[in-house]
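Okay, structure first, notes after.
Protein chains in written order, with this note's numbering: chain X, 390 to 681; chain P, 3 to 338; chain V, 215 to 545; chain L, 10 to 323.
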């Protein structure tokens, strides 16, 4: 569902010192950073404010937020504290989002780099595999993987990682294809530079910036996918995530819509934070846009 | 030689070749399914028949023989492929029906939902995109950017839930789920109207994300095209802004949108699973949800295979549309 | 009255780094039926001047900050959009450097010629298509009738530029602006296109403003030439006399640098030291002074005004090479 | 004649492309003696850039062999290739694309020395500074990034990079085409000086015949992947034998008043596609002098006076 189109931009002429300054000056990046800090703070400080087991039934069911200050965000249909649940969800979401993206970015970069650099048959094979993963509806595949291998945090991370890499692979490949024929790369080649050195020192540094930007968006998407899996009942049965709370609150949707509403807002804020950050990064790393 | 004639003649061979290219893709999907079965815990038959003893022991034994589990893996794979080729997706014991039959009975509902969502997304998306592009940095444009950002962040299933709360529970305007009013026995136009009323919320929910994607895409391609040399040519010819926007820019902005459509047919099917679950829309997605709940893995794998096939066919259709609208695509050339 | 008269044109671009004064006071006039070349290196403002005439520069992010562009007596800069459109493509037409990107990729050549016709003439579709065939014949497009249905990507570079010219000539303009029309083409194709432009211009009696960086193209095509440096005309006059005895040191330097074939092979080439000044911070005096071999302190004080040098020659220099008798001295 | 430094023997390069084979370079044999400059001229798509890349070993030839200093590169071992790499360097066309945007000028220039393990850190820095000065740049520029430099300065850096390993020959592929006239003269002068000073051999490739003539001892003209004429500079310029060479000279616009009134040999049509080039003489569809024989029979290169020419009528 990652519709935010990241085209293979011409490699940036940016050097890192200016990057932070540019990011801070970029409105979306700054807003994204603030939101992300909020979510991170919630995940880190939350357990101190609302300690305890999110699964424990601590009060009367379906307490509305603000009704009882012992449970500031109310309770769900089973009388479990929502604030504690939301904190747990924040930790799960961030963890799964980050690790799954790491997996996706690694596979994607490897596939894209090899295909783009070597071209020919290697590329053809790798691209067929990539296309295959783009043809299969990714969420359905993730559902099947988690269902077959039993729901747990590990299977969720692996499943999301496995379905999320094709976009990165395509981006990296496109970058490599362009850079491969750039004159400075040819110049390095005519110097007698070895292939690994050529890839690592000449091509990769120029290919990575948009990949980093895209990875931020992949995190956002991974968090949404995790929530959707948990919503369908494919979450880790021992871990309370935002999707789990929404899935549980469905039955009493009309009576206590806040049970579904609050974790949804948490998801929106987190995903928004990463999207904004990714967009800001993309602008800051892309000299093509800077000129506007 | 006129290009149009060449194109028409090329189209047939293009279609044939594209159809031929579908074969390895299908084979790959089948291989992927088989791979999942192979690395799954327990033996294939355990997975396929579902747990908790839903299948009779006789059928389990029969399945084991059919899969030749004593045979080497390649032979098992050959069996598996043959079953798929003969459209034998197995039997669902939970639903007591062949998987293929189940899927076919649910397919029309999903297609209806997807088409409706697509139609909404494409029309509204292009409209908003064009308007935003012609008024860059105006309030319309800012509003669109905000809407797009928010839409990207909102989980589809959550949006559906909230829509139910607002439009069904609070306002009472629209039904909260299902495809038609059960037991009303409506026919003719009344039935169509009833289905449309049921369709509206799920279709809007599913379309929201894509609407934002297309609006953004159309906006950015229009902006890029406004700087294109041939737009400058049109200006130099003395063409008016409306003519430039619609005849020259928008016509070209359609191309990336069609490409995007192909990319997103798979994503849309994924979205349909969630939306159907929320709205109890009796399609493939709802079927998948039921399969998850009952751990009917065979049915789930069948849905995965079948939905992939649907995506392949949709992509084929999009390719064909692309050839028709972009004269630069040479249908006789091989894929780049 | 000249057909086109540009007076004190200033076109600026606002960037984050400051105001780029791409065109900074250009004066130029073109008579009916005459070919004037505007020549300069990249960043000299020659294309920006051309786009400013048709006010295409606004869509490119520029702003006309001052001056007048009088076409047949009316100031183009003061026209409302409807009247401006009535001039564009009708009385003033334009062709561009990259014919492939300048043609709409999803419209056939015929459609694009017909559009140019029907925007300004009350003519039926069938008649317009017949006229389009005539136009393609006029630009010597091989098998013109078949080409109507062809899309730009299927034509060769030379044929694309011919199609572009056919579009420009559709309404028989009084003035054709050609922006680097042959830069993207190979030399042998360039020769064909220049030949065609020369012939059509004579036959149709239209004036032409030729924008180019290639002094050779100027010599073979234009009647008069204006040399641009850092957004200003530094010298103008009839091509033959100006190229024979350039008055401005920049013109002379430019000519010396390109007349490679007249030097003994392998010998040192005359060069202009340094580089073009930034358009963000132009020197207060003559913009060429820092690179000029004849510069004096006076050159840094204020910009030199345009002065007449006889035989229709004009130059903006405090210390010009004036003796026409002496001719060009090979460095 | 001394033993050639670079020798191409019947080199062929074909690329698969949409619906056919691009015959980018077809049976080309060329030689460059030590200290000599061979000019290579032709229009876009004639195969001159492919030839440069073949010489630089960026891809192998489909057929034929390329010898540098007597060693066949297609069969050479790693050590010989490394030796070859340092002996033959290239100056690229686009000064904006030929420098890595993420490396400083100093790093870019030092890299070849690091790759070939030459000198210690201090020695390398000295060499970089000395060379920067030699190409007319201040040593402070070593700390800058390419985007901070002008086009002319970048091309000087490109030349410095090509020279840092003390090559015996350089390949210049359209090395001044992207530069403005006033800067072009500066860069050409620098190349002339350095070549004389270092006794370099060169392959100088350009579409501009006047520039090629100025820079070269001998000139070869390519058309659609083939060498159609090859001669010493003056014979080719003063007495071109191939109709294509004549048309090329005639089509080059000149600022001299005399040239304005000269008789032109105008070619018809455009360059055919290098996919499935014309049968017989590849130039015959555009040749004003073509005979029936030219359609049937491909002319071989043969010697006429001081010139080698591939034309039935020469």
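Note that CB positions come from ideal geometry on N, CA and C, so glycine has one too.
**Report entry** Boundaries of the alpha helix (DSSP H) in which residue 593/X is found, first to last residue
**Finding:** First-last of the alpha helix (DSSP H) with residue 593/X: 593-620.
Query raised in the report: What are the complete alpha helix (DSSP H) segments, minimum 4 residues, inside the region 281-339 of chain V?
Result: Runs of the alpha helix (DSSP H) inside the region 281-339 of chain V: 295-301, 313-316, 323-334.
**Report entry** Collapsed DSSP secondary structure at residue 531/V in the structure displayed
**Finding:** In the structure shown, residue 531/V sits in coil (DSSP, three-state: anything other than H, G, I, E or B).
Query - Three-state secondary structure assigned by DSSP to residue 650/X - result: DSSP places residue 650/X in helix when its eight states are reduced to three.
**Report entry** Proximity test, Cβ basis, 8 Å: residue 639/X and chain P
**Finding:** Interface residue, yes.
Query raised in the report: Between the C-alpha atoms of residue 477/V and residue 184/L, what's the straight-line distance to the nearest angstrom?
Result: Distance from the CA of residue 477/V to the CA of residue 184/L, rounded to the nearest whole angstrom, comes to 20 Å.
Query raised in the report: What does a CB cutoff of less than 7 Å around residue 133/P pick up in its chain, not counting 5 residues either side in sequence?
Result: Correct list, in chain order: 142.
**Report entry** Residue of 423/X, 487/X, 502/X minimising C-alpha distance to residue 584/X
**Finding:** Check the Cα spacing between residue 584/X and each of 423/X, 487/X, 502/X: the tightest is with 502/X.
Requested in this report: Tell me, please, whether the CB atom of residue 130/L is closer than 8 Å to any CB atom in chain X?
Outcome: No, its Cβ sits nowhere closer than 8 Å to a Cβ of chain X.
**Report entry** Listed by chain order, chain X residues near residue 121/L by CB distance under 7 Å
**Finding:** Under the 7 Å cutoff, chain X gives 580.
Query raised in the report: Would you say residue 485/V reaches chain L, if we count a Cβ-Cβ gap shorter than 8 Å as a contact?
Result: Yes, residue 485/V counts as interfacial toward chain L.
Requested in this report: Look at residue 255/V and residue 191/L and say whether their C-beta atoms are less than 8 Å apart.
Outcome: Result yes, Cβ atoms of residue 255/V and residue 191/L sit closer than 8 Å.
**Report entry** Residue from 104/L, 200/L, 135/L, 106/L whose Cα sits closest to the Cα of residue 119/L
**Finding:** Of the candidates 104/L, 200/L, 135/L, 106/L, the one whose C-alpha sits nearest the C-alpha of residue 119/L is 135/L.
Query - Of the residues 655/X, 634/X, 656/X, 661/X, the one placed nearest residue 648/X, counting alpha carbons only - result: Checked all of 655/X, 634/X, 656/X, 661/X; the closest Cα to residue 648/X is 634/X.
Requested in this report: Work out the CA separation of residue 160/L and residue 122/P for me, nearest whole Å.
Outcome: Distance between the alpha carbons of residue 122/P and residue 160/L: 50 Å.
Query raised in the report: Skipping 5 residues on each side, what residues in its chain have a beta carbon closer than 7 Å to that of residue 392/X?
Result: For residue 392/X, the pLDDT reaches just 33, beneath the cut-off of 50, and the residue's location in the model is therefore unreliable, leaving the point undetermined.
Query raised in the report: Bridge partners of residue 80/L, per DSSP?
Result: Answer by DSSP bridge pairing, in chain order: 77/L.
Query raised in the report: Can you give, in chain order, each stretch of the alpha helix (DSSP H) that sits fully within the region 125-173 of chain P and has at least 4 residues?
Result: Counting only runs of 4 or more, we get 141-155, 158-165.
Requested in this report: Can you give me, in chain order, the residues of the region 472-493 of chain X that have a beta carbon less than 8 Å from any beta carbon in chain L?
Outcome: Listed by position, the residues of the region 472-493 of chain X near chain L (Cβ gap below 8 Å) amount to none.
Query raised in the report: What is the residue span of the beta strand (DSSP E) that residue 645/X lies within?
Result: From DSSP, residue 645/X is part of no beta strand (DSSP E); its letter is neither H nor E.
**Report entry** CB of residue 306/V within 8 Å of CB of residue 252/V, strictly
**Finding:** Against a cut-off of 8 Å, the Cβ pair of residue 252/V and residue 306/V comes out as no contact.
Query raised in the report: Who are the near neighbours of residue 493/X in its chain, counting only those whose CB is closer than 7 Å to its CB and skipping five residues on each side?
Result: Residues 550, 553, 554, 557, 607 of the same chain have their beta carbon placed closer than 7 Å to that of residue 493/X, with the five preceding and five following residues left out of the count.
Query - Residue range of the beta strand (DSSP E) that includes residue 40/L - result: Bounds of the beta strand (DSSP E) holding residue 40/L are 29-41.
Query raised in the report: Nearest CA to the CA of residue 307/P: which residue from 15/P, 32/P, 19/P, 16/P?
Result: Comparing Cα positions, the closest option is 32/P.
Query raised in the report: What residue from 310/V, 284/V, 311/V, 491/V has the CA that sits closest to residue 298/V's CA?
Result: Answer by Cα proximity: 284/V.
Report task. Counting only the same chain and skipping the five closest in sequence on each side, list residues whose C-beta sits under 7 Å from that of residue 5/P. Result -> Confidence is the limiting factor: at residue 5/P the pLDDT is only 48, short of 50, which leaves the residue's position unreliable and the question unanswerable from this model.
Report task. Taking only runs that begin and end inside the region 355-438 of chain V, name each unbroken beta strand (DSSP E) of 3 or more residues, in chain order. Result -> Listed in chain order, they are 389-393, 421-426.
Query raised in the report: Going straight from the alpha carbon of residue 232/V to that of residue 494/V, what length do you get?
Result: If you take the alpha carbons of residue 232/V and residue 494/V, they lie about 6 Å apart.
**Report entry** Neighbourhood of residue 642/X by C-beta distance below 7 Å, restricted to the same chain and skipping five residues each side
**Finding:** Only 649 meet the Cβ criterion.
Query raised in the report: I think residue 104/P touches residue 301/P, with their Cβ atoms under 8 Å apart; what is that distance to the nearest whole Å?
Result: About 7 Å separates the two Cβ atoms, so the contact holds.
Query - Interfacial residues, the region 240-255 of chain V to chain L, with Cβ spacing under 7 Å - result: Closer than 7 Å at the C-beta level to chain L, one finds these residues of the region 240-255 of chain V: 255.
Query raised in the report: Name the DSSP bridge partner or partners of residue 320/L?
Result: Paired residues: none, contrary to the question.
Query raised in the report: Comparing alpha-carbon positions, which option in 497/V, 236/V, 481/V, 276/V lies nearest residue 201/L?
Result: Considering only alpha carbons, the answer is 481/V.
Report task. Return the residues of the region 309-321 of chain V that lie within a Cβ-Cβ distance of less than 7 Å from chain P, sorted by chain order. Result -> Hits within the stretch, in order: 310, 312, 315, 316, 317, 318, 319, 320.
Query raised in the report: What are the start and end residues of the beta strand (DSSP E) that includes residue 142/L?
Result: Here residue 142/L belongs to no beta strand (DSSP E); instead the alpha helix (DSSP H) covers 130-143.
Report task. Can you grab the Cα-Cα spacing for the pair residue 422/V / residue 136/P, in whole Å? Result -> Distance between the alpha carbons of residue 422/V and residue 136/P: 34 Å.
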